[in-house]
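A short write-up of the structure that comes next.
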Amino acid sequence: MADILIVEDEDNIATALDFLLTRDGHRHDRIATGKGAVDRIRQMHPDLVLLDVMLPEVSGYQIVQDVRADPALADVRVLMMTARGSVVERRKGLALGADGFIAKPFELAELRAEMARLLAPGPATS
1297 MADILIVEDE DNIATALDFL LTRDGHRHDR IATGKGAVDR IRQMHPDLVL LDVMLPEVSG
1357 YQIVQDVRAD PALADVRVLM MTARGSVVER RKGLALGADG FIAKPFELAE LRAEMARLLA
1417 PGPATS
């Protein structure tokens, strides 16, 4: 069981993630805007952040950059999610410090596999 923070503004996706995480026994919470996300990550210190790229107010790219700039959050894994799953978007997210990247809409099996990889003990590699 892991502590997971969902940073996602689309309710339908957040609902699907809520269902999946609840079914898999994870503790989780959600914030629907980029504003305040880094503070929430500091407060919650989750094992994994499911982070949308396109968010109101502050982008997922800025959030992952801010998380990686904070040594206290070095062990927090970040899985970025975007509807624009191009190679360029992926490279940018990983370059800024994301541990993984998944294109929306995603298959639940694909998301589960990526989450399992990131939550496994030891360093995450992309």
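Start counting the sequence shown at 1297; every next residue gets the next number (my numbering).
Glycine included, C-beta positions come from ideal geometry on N, C-alpha and C.
Rounded straight-line distance, which links the Cα of residue j to that of residue i
i, j, result
"Ala1370", "Arg1326", "21 Å"
"Glu1403", "Asp1366", "32 Å"
"Asp1307", "Ala1416", "28 Å"
"Ser1382", "Arg1319", "30 Å"
"Gly1356", "Met1350", "6 Å"
"Ile1309", "Ala1405", "15 Å"
"Ala1412", "Arg1387", "21 Å"
"Val1363", "Ala1312", "25 Å"
"Gly1332", "Gln1358", "12 Å"
"Leu1344", "Ala1328", "16 Å"
"Asp1314", "Ile1337", "18 Å"
Sheet register partners of residue i (DSSP bridge)
i, result
"Gly1396", "Leu1375"
Cβ separation of residue i and residue j, assumed to be a contact under 8 Å, to the nearest whole Å
i, j, result
"Gly1330", "Val1303", "7 Å"
"Asp1305", "Pro1352", "6 Å"
"Val1360", "Ala1394", "5 Å"
"Leu1346", "Leu1392", "Leu1346 to Leu1392, Cβ: 16 Å. No contact."
"Met1340", "His1322", "The Cβ separation is near 13 Å, so there is no contact."
Residue i and residue j closer than 7 Å at C-beta
i, j, result
"Glu1410", "Ile1398", "yes"
"Pro1342", "Leu1390", "no"
"Asp1425", "Met1377", "The requested residue 1425 does not occur in the structure, where the chain is confined to residues 1297 to 1422."
"Leu1414", "Gly1396", "yes"
"His1324", "Leu1316", "no"
"Lys1400", "Ala1379", "yes"
| query | What residue ranges within the segment 1299 to 1362 form continuous beta strand (DSSP E) runs of no fewer than 3 residues, ordered along the chain? | reply | For the segment 1299 to 1362, whole beta strand (DSSP E) runs of length 3 or above, ordered along the chain, are 1299 to 1303, 1323 to 1327, 1344 to 1348.
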